[in-house]
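Engineer: One structure, pasted below without further comment.
There are 2 protein chains.
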Amino acid sequence: MPEAEIPITFQPSGKTTRVRRGTPLLEAAAGAGLTLDSPCGGEGTCGKCRVRLLGTNGKPGPSPPGPAELRRLGTEEIDEGFRLACQTPVAEPMTVEVPESSLLASHYQILSDWKGRSIDTRDPAVAKRYVEMPEPARGDDQPDLLRLQNALGPFDIDLEMARLIPGRLRENQFRGTAVTADGRLIDFEPGDTTGQCFAVAVDVGTTTLVAMLVDLSTGEELGVVSRLNPQTRFGDDVLTRILHAREKSDGLAELHGIVLDAVNEMIGELVERGDVARRHVYEVSFAGNTTMQQLLCRIDPQFLGEVPFVPGVGRSLRLAAADLGLAIHPRGVGYVLPVIGGFVGGDTVSGMLVTAMAEEEGPSLLVDIGTNGEIVLAAEGKLLAAATAAGPAFEGARIEHGMRGGHGAIEKVTIDDGLHYSVIGGVKPIGFCGSALIDVAAELLRHKLISPEGRMTWPVDLPEDLPEDLRQRVVIHNDHPAFVIAGETETGTGKPILLSQRDVRQLQLASGAIRAGIVVLLRRAGLEPADLRRVFVAGGFGNFIRRTNAQRIGLLPEQIPRDRIRYQGNASLAGARLTAMSLVARRQAEELARRTEHVDLSFDYHFQESFAEAMIFPSG
Amino acid sequence: MPEAEIPITFQPSGKTTRVRRGTPLLEAAAGAGLTLDSPCGGEGTCGKCRVRLLGTNGKPGPSPPGPAELRRLGTEEIDEGFRLACQTPVAEPMTVEVPESSLLASHYQILSDWKGRSIDTRDPAVAKRYVEMPEPARGDDQPDLLRLQNALGPFDIDLEMARLIPGRLRENQFRGTAVTADGRLIDFEPGDTTGQCFAVAVDVGTTTLVAMLVDLSTGEELGVVSRLNPQTRFGDDVLTRILHAREKSDGLAELHGIVLDAVNEMIGELVERGDVARRHVYEVSFAGNTTMQQLLCRIDPQFLGEVPFVPGVGRSLRLAAADLGLAIHPRGVGYVLPVIGGFVGGDTVSGMLVTAMAEEEGPSLLVDIGTNGEIVLAAEGKLLAAATAAGPAFEGARIEHGMRGGHGAIEKVTIDDGLHYSVIGGVKPIGFCGSALIDVAAELLRHKLISPEGRMTWPVDLPEDLPEDLRQRVVIHNDHPAFVIAGETETGTGKPILLSQRDVRQLQLASGAIRAGIVVLLRRAGLEPADLRRVFVAGGFGNFIRRTNAQRIGLLPEQIPRDRIRYQGNASLAGARLTAMSLVARRQAEELARRTEHVDLSFDYHFQESFAEAMIFPSG
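Chains as they are written, first to last, in the working numbering: chain A, 2 to 621; chain S, 2 to 621.
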């Protein structure tokens, strides 16, 4: 049964969420889109997720501090209402103030924090500058473009823009805002428009497209939209798309066209919601796996479908938005992240970039869970990357009632005497997303309703001591056992939401592939799971991942201490955003892509063996 | 009467010409398109125009050496047939060997000679390189573009080319010729095509268009074509064209379209004659006056027609050939020279570049004679430039029987007891070009058939002692005296070719404007004509300019010692060629354009005064 949810408001952002009683504030904040810093993994030892509880009347709320908080915060701060978000369970509606210092360094801040390196992260490829020039007069016959160049510094220019400049300068009395992209003058706008400078970052996933509007003048995120990648109608993995491009004469154009249309529609949604003029969007930055990037660019992926799976480009691409057909400023630009190999793409480079994993002391691991699962191991200055065909289960595809982590998705499930879930948007659920899939499978394993081999228990074989609520949830569905997460009366569809035997098989495949990839990379480096100092889990499968549950289903090795696992969210999108904002980040991305060794698992004997093993859920 | 002409062949080029008996070999070589080095001005003192006379049977010819030659060459060389071209008059048909060392340093060599500076002049914007790459194989899944980059070094690339590369590499077994333009990969061609790398240099004159095909792999000139600028139908000076662009709604597009079409037709002629594939022409480099360059680029020239006459661009432009509509390689590039001011354009910068005048010791002057006369003075590290509206007389326009210096043009005239002329191409004449205009005016002044004020003598007022042949040439034409250069029986048209009173007036205007400009610039720098150490005369008005005659008509001040005057030919074309071949030259051009002070003569009192004075022919 769905539990009544408690509304929480965060200040100064004004973001709100609704969570179940007892949910740690850290998690509630994540639900509201605020990622608090918690390097200790929510153990209450690092003291970084400091927040201040405000009563509804602005006074400190009543939550008593725990011992960890007393240690980390001191009585003075506690008297002012400060608490650690990871140690504070939600008990009643409240307003919480989040100090800037407690937010997980946004990605460009992470970058600038890298080991004290001084990196100017506010150097986007697109720059605006307001300039005022003296008007030509007798004795000052300086050519128009040189006049502008004297005010602005050197720039490149194409013929079209050179043709426009003389008229533009005079229409605006030689005052206005010059826009450059990659050092090329792309516009001269009336007045001071330096505050209207936007980019869109796009995560081009095999299953899901996510786009974010970014204010380049502040670095702020102005909105995010997502949708199913329309290419899924031609198959839900990269190989079927490559096949479609190859077998049908206009297959490539078709795949390219529909994803481009979708991107343009998402840009349209973003600018409309954000009340931003489309002509003020000057750049789009793309991250996706190698095949998705090539299809987006209409670069024939056929050689990605043949041994030895060679990408067409490799390095990053800068392109004219008009050449690609992007509906932004007519002289805007596009950027596509570099890739590591045929199946380790710009999305993985994004993850490496935003986690700064290569800069960690001690071995670190990145697990990026999408339709493919990419794994990167950084150890002793070396970087190894591999891709596994995990399938789209964690994105809700191939799962009977699966869905993306959007409005109406059950995103968290706990089971004790009964079952409790929370729904994104606080509405009646219409399905469940990847994080809930992990939760429910972990809970059913714990309650022995799924065997280590992945068999769901038949209604006739249920344990005697199983609480009645759970007992009633085990049903027969398509001649196999299934588990009802939400009954037909609770859902937005009027039909029950359940986990089927087939769903569990999909989960085993997805989880096993990723786990096997981790094992193989660790073995290559001569490491054990416990040697990892940091594990970054990235992916768009929900607002949060419950580490214990991820380990319970065997997605991550149990030997990794829980506090070393950090959830990174959609790192592909974050990397696209970061590279839109920073040329330094682009250079870093290029360098990371080139430094990383691509490990081909497709013919790896150890991988096959590990995969078979990893298909079995941990019996713990 | 036309004199029988003597055929001369030059080796090793095999170039031929026909000249009048007594013509110095130096001048004959110029007629064949070979500019011999002659810094002493043909006085026989520098010894640089050394050539070897070969009899028709390959043995030394009979011409006896003069004292200057004995001094410069020594008996051993003289025995081998060596002579100084400036001291050797043509007496009979012969074959002449021209040592490489005697050719006027071609323009890029001039550049590399600049005061011992080490300038790599073989660094064109377009580069070709043949590469062979290992093919992808298991264990080598390097992306295609990175594979190429490893072989070639870094390059930029646009989306279209990135799309082509994977297929291209495989079609050609990962071997072929990479073409880059301005650091951007524009093609990957099958096989080794490094020998097929061409550019076209274009002089965009107000009256005349000249285009040259250049082999970028050798620096060699492969052909030159010229034609009337079709814009002349809208007026023969820049102001009438600016007016047309302004007054007619599609005037600019029309002016742009017809000159672009003409350029494309000339490129077509060049590649056909040169047996070169159009797709192997990767670049076009343009030099012209500011208005011509803007019309070519379709950059509205209206502000060039208003005080303070501001150019739209100023700096050089690099552009995509496709953006301009040039019919060369589809991803080829264009380059347009930087300009100095509204009426001192890329043609003048070209002249400064190829003469290296800024590097001369002592004051030097460049006089570029086209439809406008541009004058540049270099003195004590300063550069001053001014334009005068000379009009197109020296290009044969506004002259009744005037024509460009092409096939059928009388290009040299001498008058003693009778009149002698030579015709380009050795055919029956159809008109006369600028150099002949200077000659005939100078000769008529000398024979007092033109007064210092420019009045032609009436038949009834002819001097008593005038030879009969000349007497018969003075006729009445349009109610004014005129002088017959070639009678109707001698010409290709069946009509006489004559110099009219109106022609003389045009010459006075043109010559006076240029002379006045020279005087004003010298005065600004506090110099006298005799202070000039070097005077470069450039222009496309013939094969050669006779310095004495240029001084006789007052085009150049008489006080300049004759041996300091050097004819530079079409310097605009030479600069376009040089900038196609050398990025160093482009940087030099940019620097020269920016360093040069633009002197506006239009409101200069001294100019008006000097112009009035200069309209009077020297009475000497």
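Don't be surprised by glycine CBs; every beta carbon is placed ideally from N, CA and C.
1. I'd like to check one pair, A:Leu318 with A:Val337: are the Cβ atoms closer than 8 Å?
2. Please list the partners that A:Asp324 has in chain S, where partner means a Cβ-to-Cβ separation under 8 Å.
3. According to the Cβ coordinates, are S:Glu161 and S:Thr178 closer than 8 Å?
4. How would you write the range of the alpha helix (DSSP H) that S:Ser512 sits in, first residue to last?
5. Which residues bound the beta strand (DSSP E) around A:Phe537?
6. Measure the alpha-carbon distance for A:Asp480 versus A:Arg506 and round it to whole angstroms.
7. Is it buried or exposed, S:Leu25, if we count other Cβ atoms within 10 angstroms and call 16 or more buried?
8. Just tell me which of S:Arg587, S:Arg524, S:Ser512, S:Leu533 has its CA closest to the CA of S:Ile554.
9. How should S:Asn151 be labelled, buried or exposed, when 16 other C-beta atoms within 10 angstroms of its C-beta is the threshold for buried?
10. To the nearest angstrom, how far is it from the Cα of A:Asp440 to the Cα of A:Val314?
11. On a Cα-Cα basis, can you pick out the residue from S:Leu420, S:Leu602, S:Gln294 that is closest to S:Glu469?
12. Does DSSP classify S:Met162 as helix, strand or coil?
13. Can you give the Cα-Cα distance for A:Pro68 and A:Ile9, rounded to whole angstroms?
14. Below 9 Å on C-beta distance, what does A:Gln150 contact in chain S?
15. CB A:Gly196 to CB A:Ile243, shorter than 8 Å?
16. Among A:Ala613, A:Ala86, A:Arg596, A:Lys16, which has the Cα closest to the Cα of A:Met353?
17. How would you list, in chain order, the residues of chain A whose beta-carbon sits under 9 Å from the beta-carbon of S:Arg139?
18. With DSSP run on the structure shown, which of helix, strand or coil describes A:Thr458?
19. Please state the DSSP three-state secondary structure of A:Arg567.
20. Could you confirm whether any beta carbon from chain A is found closer than 8 Å to the beta carbon of S:His330?
21. By the criterion of Cβ-Cβ separation under 9 Å, what are the contact partners of S:Cys298 in chain A?
22. So with Cβ pairs under 8 Å, would you call S:Phe608 a contact of chain A?
23. Below 8 Å CB to CB, which residues in the same chain sit around A:Arg534 once its five sequence neighbours on both sides are set aside?
24. Which residue comes first and which comes last in the alpha helix (DSSP H) that contains S:Ala152?
25. Which residues in chain A have a C-beta closer than 7 Å to the C-beta of S:Val260? List them in chain order.
26. Compute the Euclidean distance between the alpha carbons of A:Ala212 and A:Ile341, then round it to the nearest angstrom.
27. Strictly by DSSP, which residues pair up with A:Tyr606?
28. When burial is assigned at 16 or more other CB atoms within 10 Å of the CB, is A:Tyr422 buried or exposed?
29. Would you verify that the beta carbon of A:Asp348 is, or is not, closer than 8 Å to some beta carbon of chain S?
30. Can we say the stretch 579-595 of chain A touches the stretch 121-141 of chain A, given the rule of at least three CB pairs closer than 8 Å?
31. Any C-beta of chain S sitting closer than 8 Å to the C-beta of A:Pro312?
32. On the DSSP bridge assignment, give the partners of A:Arg51 in chain order.
33. Can you pull out the residues from the stretch 415-435 of chain S whose beta carbon lies closer than 9 Å to at least one beta carbon of chain A?
34. Using CA atoms only, rank isn't needed, just tell me which of S:Leu217, S:Val414, S:Gly374, S:Glu222 is closest to S:Arg130.
35. Could you check whether S:Leu602 and S:Val521 sit closer than 8 Å to each other, using their CB atoms as the reference points?
36. A:Val340 CB to nearest chain S CB: under 8 Å?
Structural biologist: Inspection of the coordinates gives the following:
1. yes
2. Asp159, Leu160, Glu161
3. no
4. 502-525
5. 535-540
6. 15 Å
7. The sequence given here has Pro at residue 25 of chain S, not Leu. The residue is buried, with at least 16 neighbouring Cβ atoms inside 10 Å.
8. S:Ser512
9. exposed
10. 39 Å
11. S:Leu420
12. helix
13. 24 Å
14. Gly315, Arg316
15. no
16. A:Arg596
17. Val308, Pro309, Asp601, Phe604
18. coil
19. strand
20. no
21. Leu160, Ala163, Arg164
22. no
23. Glu361, Glu362, Gly363, Pro364, Ser365, Arg565
24. 145-153
25. Here the premise fails: no neighbours, minimum Cβ distance about 15 Å.
26. 23 Å
27. Beta-bridge pairing links A:Tyr606 to no other residue.
28. buried
29. no
30. yes
31. yes
32. A:Leu85
33. none
34. S:Leu217
35. yes
36. yes
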